[in-house]
Amino acid sequence: MKPMGLESDSETLQKAYAEDGVVFIPGALDARTLQLTETCFNWTLENPGPGAGPVLLGTPGTFYQDQANPDSFPAYRELLCDTPLADIPAALFGCTDIWLMYEQIWLKEGAATRRTPWHQDLPYLPAAGDHLAVLWTCLDAVEKEQSLEFVRGSHKGPLYNPTAFNPDDIAANLFDGPDWPPLPDIDAVPEDFPILSWAMQPGDVIVFHPATLHGGAPTREGIRRRSLSLRFFGEDAWCAARPHDGMANVDGLKHDDGGRHPLKKIALKPTGARFRHPDFPRLRPQ
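Residue numbers (our numbering): 5 to 290.
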């Protein structure tokens, strides 16, 4: 059974994903899948991994994340293998082979939080290819003004020098040298960029290519936002060297997990090698 929204629109969504780098699928998760999503979120919250910690430390409110926990898959197995969720990236890619790269949660609550800086996910990862996707869903209703924002078509390039997520200098770049162009100042002239954003209800999903420029609008005081993202890859996925020993030293991705997560292992492969490692859970076909 296909997820809601894919039963009649899979071809349209596949074209939109390839062209825009992001699609919104309302009501994609049925009640059981949504309940399992919340169960997985709570498991990660209660079992912090090596990548758990605050984002933009020192700013008002709680902005917490955890990601790429090498012990998470048994807790996520039912969600990923026994629901139609992994069929979403398969439909958008138009392929049958789907693997999980890693999971990530965020918790925003308390005081009003500042916006998440504009960035692309891909410069932080040793990966390239068309069959890459981030599936983002929220367990709480989110108004459009507080949701994620995307620059349509920006996944086509270039890849920019990623933000260092420095709360004292939000414009600080992560990489040295001239090889990575600086991020554009989107907030200064938002009318110059085709920005997409959607209000979200529990069960809705946004899927975007990790090269798509995106940022998170600020959260108002008293608002709680629990969100989970799952990063998938398919057949057209390749290794790509990055500075900082292949893994960006930011956002928890270079945490010390003893080298257990396959992301750490695949970062050692040369550019152009197939993005494959037996420790990445294969979700489709089963």
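Note that beta-carbon positions come from the ideal geometry of N, C-alpha and C, so glycine has one too.
Predicted model, so just to flag it, every value in this text is computed and none were measured.
Endpoints, alpha helix (DSSP H) assigned at residue i
i      : result
Cys85  : 77-85
Phe97  : 91-97
Ile270 : 266-270
Proximity below 8 Å, CB of residue i to CB of residue j
i      : j      : result
Asp75  : Thr48  : no
Leu287 : Ile29  : no
Leu126 : Ile92  : no
Pro121 : Gly219 : yes
Asn165 : Pro188 : no
His281 : Ala215 : no
Leu143 : Arg230 : yes
Gln18  : Ala94  : no
Thr16  : Lys112 : no
Phe236 : Leu61  : no
Thr41  : Leu83  : yes
Val211 : Ala145 : no
Ile199 : Phe154 : yes
Glu23  : Gly157 : yes
Residues of its chain near residue i, where Cβ-Cβ distance is below 7 Å and the 5 sequence neighbours each way are ignored
i      : result
Gly256 : Confidence at Gly256 is low in this model, with a pLDDT of 43, below 50, so its placement is unreliable and no value can be given for it.
Asp99  : In the sequence on display, residue 99 carries Cys and not Asp. So the qualifying residues of the chain are His135, Gly238, Glu239.
Gly250 : Caution is warranted here: a pLDDT of 49 is assigned to Gly250, below 50, making its placement in the model unreliable, and no coordinate value can be reported.
Ala132 : Trp242, Ala244
Lys148 : Ser201, Trp202, Ala203
Pro247 : Phe179
Thr275 : Cys243, Ala244, Ala245
Phe284 : Trp103, Leu104, Met105, Pro266
Leu152 : Trp140, Ser201, Ile210, His218, Gly220
Contacts around residue i, its chain only, beta-carbon distance under 6 Å, and the 5 residues preceding and following it disregarded
i      : result
Val209 : Ile29, Ala32, Leu139, Thr141
Leu234 : Glu107, Leu139
Gly207 : Gly31, Leu33, Leu38
Thr293 : Since the first and last residues shown for the chain are 5 and 290, residue 293 lies out of range.
Trp184 : Asn165
Ala20  : Val27
Ile109 : Phe45, Thr48, Asp70, Leu232
Thr87  : Thr37
Close beta carbons around residue i, own chain, < 8 Å, minus the five adjacent residues each side
i      : result
Asn170 : Ala176
Asn253 : Low per-residue confidence applies at Asn253: pLDDT is 47, beneath 50, and the placement is therefore not dependable, though the value from the model is reported in the following sentence. Closer than 8 Å at the Cβ level, and outside the excluded window around Asn253, lie Leu178.
Arg264 : Pro74
DSSP bridge partner residues for residue i (one or two, in chain order)
i      : result
Arg288 : Ile102
His123 : His218
Asn177 : Thr167
Trp202 : According to DSSP, which records beta bridges pairwise, Trp202 is partnered with nothing at all.
Asp70  : Ile109
Arg278 : Trp242
Val146 : Met204
Ala132 : Trp242
First and last residue of the uninterrupted beta strand (DSSP E) at residue i
i      : result
Arg229 : 229-237
Trp184 : First-last for Trp184: undefined, no H or E at that position.
Val138 : 136-142
Phe212 : 209-212
Entirely enclosed alpha helix (DSSP H) segments - the region 8-59, minimum 4 residues: Along the length of the region 8-59, whole alpha helix (DSSP H) runs at least 4 residues long occupy 14-24, 35-50, reported in chain order.
Within the region 149-174, note down every full beta strand (DSSP E) run reaching 3 residues or more, in order along the chain. 152-155
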